[in-house]
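Peer 1:
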Amino acid sequence: MHSITEKQIRSSFINASKRERTALTLPENVDSLDWDSLDFLGWRDRKFPKLGYVVALIDDEPIGIMLRLAEGRTLSRPQCSWCEDVHLPNDVVFFVAKRAGDAGRKGDTIGTLSCANFECNANVRRLPRTAYVGFDVEGARLQRIEALRSNVTRFVTSVRDGS
């Protein structure tokens, strides 16, 4: 992911009002992020902990999604739909995003299971365990990074396109 400015981040949100875009709290370290190690930018709002934000580059354009933490708890430990890590060092929660455009204004939403603080970028970059002799650990890591990009892109485009 290439670096994006505060103005680009705020203007990228497709399912948030102008007031919501202005009020959102950016990540503390936005000026010092290692953009090369990010497949998407994700963070929780420090002022409103039930809000989360994700910005992904789709066709080299930043597209932002505002998410809300769903009410309730899961009965078992779920797997993140984005990084698909089975050895997670963090919690997975259910987020709901209002769809963009008319569908969102009518109340249409879409949900996803994601790492609670969007740790997916770090999770997929950890070297996986060796499954068998001759297992290509680096190849598996690269495959996980590509799967993360694909999963996030699929979710963001489904919010954007309403499909």
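Counting in our numbering, the sequence shown runs from 1495 upward without gaps. For glycine and all other residues, C-beta sits at the position ideal for the given N, C-alpha and C. Everything numeric in this text was worked out from a predicted model, so none of it was measured.
Helix, strand or coil: which one does DSSP assign to F1612?
Peer 2: DSSP places F1612 in coil when its eight states are reduced to three.
Peer 1: Per DSSP, F1507 is paired with what?
Peer 2: Note: F1507 sits in a beta bridge opposite G1558.
Peer 1: Measuring CB to CB, does L1642 end up less than 7 Å from C1577?
Peer 2: In contact: L1642 and C1577 (Cβ atoms closer than 7 Å).
Peer 1: Of the residues V1590, L1621, R1538, which one's Cα is nearest the Cα of V1580?
Peer 2: Nearest option by C-alpha distance: L1621.
Peer 1: Do S1506 and G1558 have their CB atoms nearer than 7 Å?
Peer 2: Yes; because the gap between Cβ atoms is below 7 Å, this pair is in contact.
Peer 1: Relative to the C-alpha of A1594, which residue among D1630, C1609, V1650, Y1626 is closest?
Peer 2: With distances taken between Cα atoms, A1594 lies closest to V1650.
Peer 1: Just list the beta strand (DSSP E) runs in the segment 1582-1631, keeping only unbroken ones of 3 residues or longer that don't cross its boundaries, in chain order.
Peer 2: Runs found: 1586-1592, 1603-1609.
Peer 1: Considering only C-alpha positions, which residue in the set Y1626, I1552, G1633, L1532 is nearest to D1655?
Peer 2: Ranking Y1626, I1552, G1633, L1532 by Cα distance to D1655 puts I1552 first.
Peer 1: Using DSSP bridges, identify the partner residues of W1537.
Peer 2: Its beta-bridge partners are Y1547.
Peer 1: Give me the DSSP bridge partner(s) of L1563.
Peer 2: Answer is F1589.
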